[in-house]
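As you go down the protein sequences, you meet chains A and B in turn. Position 312 of the first sequence, counted from 1, bears residue number 1769 in our numbering, the numbering being contiguous throughout. Position 16 of the second sequence, counted from 1, bears residue number 32 in our numbering, the numbering being contiguous throughout. Note that CB positions come from ideal geometry on N, CA and C, so glycine has one too. Source: prediction; values computed, not measured. Down below is the structure, laid out as structure tokens.
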Amino acid sequence: MSSRYSPLERLPAHLRNFLIKRSEQAQLPAFRRQTDRFVPEEKRFSKPEQWKVLEGDRVMFIKGVNKGKIARVLGLQSFSNHIFTDISETKPMVVPKQLWQENQDTYLIDYPKTVPVEDVRVVATVAREDGTEYDIAAEDVVFKGKYFDEDYKKMMPIRRVKYHEHIIIPWPRVDPVDDCAFSTPPDVVEERTHVENSILTYDQPSDFSIESLRDPTMKRAYKWNKQVLKKGDITKLTPPSEIFSETKKAMFEERKQIREAQIKEISPEVLEFIGSRVAEHLNNVTDPRFKQYVDKVSGESRARKLEAKQQEKQFQDLKIKEAEQRNKQKKTPKH
Amino acid sequence: MSKLFSHSAQEAFQKLPLKLRNFFTRYPPAPFREYASEQTVANAPNANPFIANRHPVTGKVQNPIYSLRRQSDLYKLAFKFGVADLMPSLQHNKKFYAEKFDTKPLLKGVLSPKGHKWERTFVERKQKIADAVAKVDEVIAEEKGANYRKRPEKRQKQTSTWV
Chain A
1458 MSSRYSPLER
1468 LPAHLRNFLI
1478 KRSEQAQLPA
1488 FRRQTDRFVP
1498 EEKRFSKPEQ
1508 WKVLEGDRVM
1518 FIKGVNKGKI
1528 ARVLGLQSFS
1538 NHIFTDISET
1548 KPMVVPKQLW
1558 QENQDTYLID
1568 YPKTVPVEDV
1578 RVVATVARED
1588 GTEYDIAAED
1598 VVFKGKYFDE
1608 DYKKMMPIRR
1618 VKYHEHIIIP
1628 WPRVDPVDDC
1638 AFSTPPDVVE
1648 ERTHVENSIL
1658 TYDQPSDFSI
1668 ESLRDPTMKR
1678 AYKWNKQVLK
1688 KGDITKLTPP
1698 SEIFSETKKA
1708 MFEERKQIRE
1718 AQIKEISPEV
1728 LEFIGSRVAE
1738 HLNNVTDPRF
1748 KQYVDKVSGE
1758 SRARKLEAKQ
1768 QEKQFQDLKI
1778 KEAEQRNKQK
1788 KTPKH
Chain B
17 MSKLFSHSAQ
27 EAFQKLPLKL
37 RNFFTRYPPA
47 PFREYASEQT
57 VANAPNANPF
67 IANRHPVTGK
77 VQNPIYSLRR
87 QSDLYKLAFK
97 FGVADLMPSL
107 QHNKKFYAEK
117 FDTKPLLKGV
127 LSPKGHKWER
137 TFVERKQKIA
147 DAVAKVDEVI
157 AEEKGANYRK
167 RPEKRQKQTS
177 TWV
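Structure representation (structure tokens):
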């Protein structure tokens, strides 16, 4: 069995739930798991885009007894996709004496309950143009663009308020991590120490064989002891003699000639000749429906629409840029 | 009714749909370039883009540059703008609209309908009857004898000459 999966996760969902329920029932109520939600490993959040909030963010509750209150995120509980907050409900929990904290004199403590990420909204501070600030709770956030964050030391997505994408909610600041003895200095990280000379030959010792990498105790060793090469193997092992045949090259040449011979610009005489014929026909038109048809198929209205759309987009981009500038100026660490 | 357009040649050309403008750019019409109405070599100067031509080297027949559907689309667009006659001829001299019905060859059945048997033999039978009626006196005389032979002469005399 692969070590990638715990035995529980390999079971079908109904059997897994049954076993979890059984084990819960055997426990004292105080020892039971806080949440019934079992999140399999592949569904656990790993990226900031999935969490939407990180440690240090301010959030507003939209459910439960604390509905409407604003709290700060203290941490992420990765196995349940829940978050810890500084304002939260508590439940009694029994702690063995070995794990007692300082000044603890009872087995029973109030342990904070976690909250699912769906039950909170991110709170952000937005600056008005006159400099005053106000808070907003974003119903949902979207991620557009990326930047390198010095504190997180990685590329982070830019968090924006959905449908108001010019409002950027900056990620909370974290304490910078100190380098330990085994850390690689930043200037050494990007240094290239090995360059390959060819993609066809490997830089490996002459006595190296691929068999040496394989497990000597494997069960189906015969799989690799192929004595006979099949037709497909020979095809794979034989390098191609030439990429394009002479016929193909001749075809490319011919295509090129055809492309070059093609007329790309209309000559003024031809334009005048055809245009006069069309004008003669159109200038006798009296049907307003036909005029409507001509206006539509000639592509003028489409061009006009496209131009308007382009202008709108430029205006929107400008607005976003200005807002980004404003956010950058007003960005102050709140921690 | 008042006229709705008053365009110069330049403006009118821009009123054509882009599809048609591109076509006329690539394939200028008749006085500037002639197009074959039959299959030619594909790279011939008068190769018709609407007809399946042969490859100059391999001799294989290539599909026309414009498929039958695209040919039809282009032709019908050109017809609406009054420039259908500037297009190269289509395969088998295909025509559209009124022209198609005017140049349509009449069917054999329309030219000479077969008809029923009584229709086909009508004239012949009538002729046969007329011939028989003309010879009826001789036939009767032959059957009835010498007395009867004088009867046509008597009848001749009996005809009234007065009015």
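Distance CB(residue i)-CB(residue j) smaller than 7 angstroms
i, j, result
"A/D1644", "A/R1630", "no"
"A/G1732", "B/Q26", "yes"
"A/E1506", "A/P1642", "no"
"A/V1599", "A/R1617", "yes"
"A/P1549", "A/L1531", "no"
"A/M1517", "A/V1580", "yes"
"A/D1569", "A/S1545", "Going by the sequence as given, residue 1569 of chain A is Pro instead of Asp. The answer is yes: Cβ separation under 7 angstroms."
"B/L20", "A/V1754", "no"
"A/D1576", "A/I1519", "yes"
"A/D1562", "A/T1547", "no"
Proximity test, Cβ basis, 7 angstroms: residue i and chain B
i, result
"A/S1460", "Only weak support is given to the placement of A/S1460: the predicted model assigns it a pLDDT of 49, under 50, and the value that follows is read from those uncertain coordinates. It does not; no Cβ of chain B falls within 7 angstroms."
"A/E1647", "no"
"A/R1630", "no"
"A/V1685", "no"
"A/E1729", "yes"
"A/T1743", "yes"
"A/L1511", "no"
"A/L1763", "no"
"A/S1733", "yes"
"A/S1755", "yes"
"A/L1468", "no"
"A/K1748", "yes"
"A/H1471", "no"
"A/H1738", "yes"
Min CB distance residue i to chain A below 7 angstroms
i, result
"B/R42", "yes"
"B/G75", "no"
"B/F66", "no"
"B/M17", "yes"
"B/P61", "no"
"B/L13", "With chain B running from 17 to 179 in the structure shown, residue 13 of chain B is simply not present."
"B/A28", "yes"
"B/H132", "no"
"B/V57", "no"
"B/H23", "yes"
"B/V99", "yes"
"B/F48", "yes"
"B/K110", "no"
"B/K92", "no"
"B/L20", "yes"
"B/K142", "no"
Local Cβ density within 10 Å of residue i, reported as buried at 16 or more and exposed below that
i, result
"B/Y43", "buried"
"A/S1459", "Note on A/S1459: pLDDT 47, under 50, position unreliable in the model; the coordinate value appears next. Exposed is the call here."
"B/T177", "exposed"
"A/I1540", "buried"
"A/T1704", "exposed"
"A/I1624", "buried"
"B/M103", "buried"
"B/Y51", "buried"
"A/W1557", "exposed"
Span of the beta strand (DSSP E) around residue i
i, result
"B/Q78", "Here B/Q78 belongs to no beta strand (DSSP E), and DSSP marks it neither H nor E."
"A/H1539", "1539-1542"
"A/H1621", "1621-1625"
"B/I156", "No beta strand (DSSP E) contains B/I156, which is instead part of the alpha helix (DSSP H) from 152-160."
"A/T1692", "That residue, A/T1692, is in no beta strand (DSSP E); its alpha helix (DSSP H) goes 1688-1694."
"B/T41", "First-last for B/T41: 34-42, but that is the alpha helix (DSSP H), not the beta strand (DSSP E)."
"A/L1565", "1565-1569"
"A/E1590", "1590-1595"
"A/F1796", "Limits of chain A in this structure are 1458 at one end and 1792 at the other, which puts residue 1796 of chain A out of reach."
"A/I1615", "1611-1618"
N- and C-terminal bounds of the alpha helix (DSSP H) containing residue i
i, result
"A/F1709", "1703-1718"
"B/E135", "133-136"
"B/F95", "84-96"
"A/E1726", "1725-1739"
"A/Y1750", "1745-1754"
"A/L1465", "1464-1467"
With a threshold of 8 angstroms, are at least 3 pairs of Cβ atoms found where one atom belongs to the stretch 1759-1773 of chain A and the other to the stretch 61-78 of chain B? No: fewer than three Cβ pairs fall under 8 angstroms.
Are the stretch 29-42 of chain B and the stretch 85-94 of chain B touching, with three or more C-beta to C-beta distances below 8 angstroms? Yes, the stretch 29-42 of chain B touches the stretch 85-94 of chain B.
State whether the stretch 1721-1735 of chain A contacts the stretch 37-53 of chain B, with contact taken as three or more CB pairs (one from each stretch) at a distance under 8 angstroms. Three or more Cβ pairs closer than 8 angstroms define a contact, and the stretch 1721-1735 of chain A meets that threshold against the stretch 37-53 of chain B.
Contact between the stretch 102-111 of chain B and the stretch 58-69 of chain B: three or more CB pairs below 8 angstroms? Here the stretch 102-111 of chain B lies against the stretch 58-69 of chain B, with 3 or more beta-carbon pairs under 8 angstroms apart.
Taking one C-beta from the stretch 49-65 of chain B and one from the stretch 1768-1785 of chain A each time, how about it: are there three or more such pairs within less than 8 angstroms? The stretch 49-65 of chain B, when compared against the stretch 1768-1785 of chain A, does not touch it at the 8 angstroms Cβ threshold.
For the structure I just gave you, are there three or more beta carbon pairs, one from the stretch 1466-1475 of chain A and one from the stretch 1495-1505 of chain A, closer than 8 angstroms? As far as the Cβ criterion goes, the stretch 1466-1475 of chain A touches the stretch 1495-1505 of chain A, which means the pair count is three or higher.
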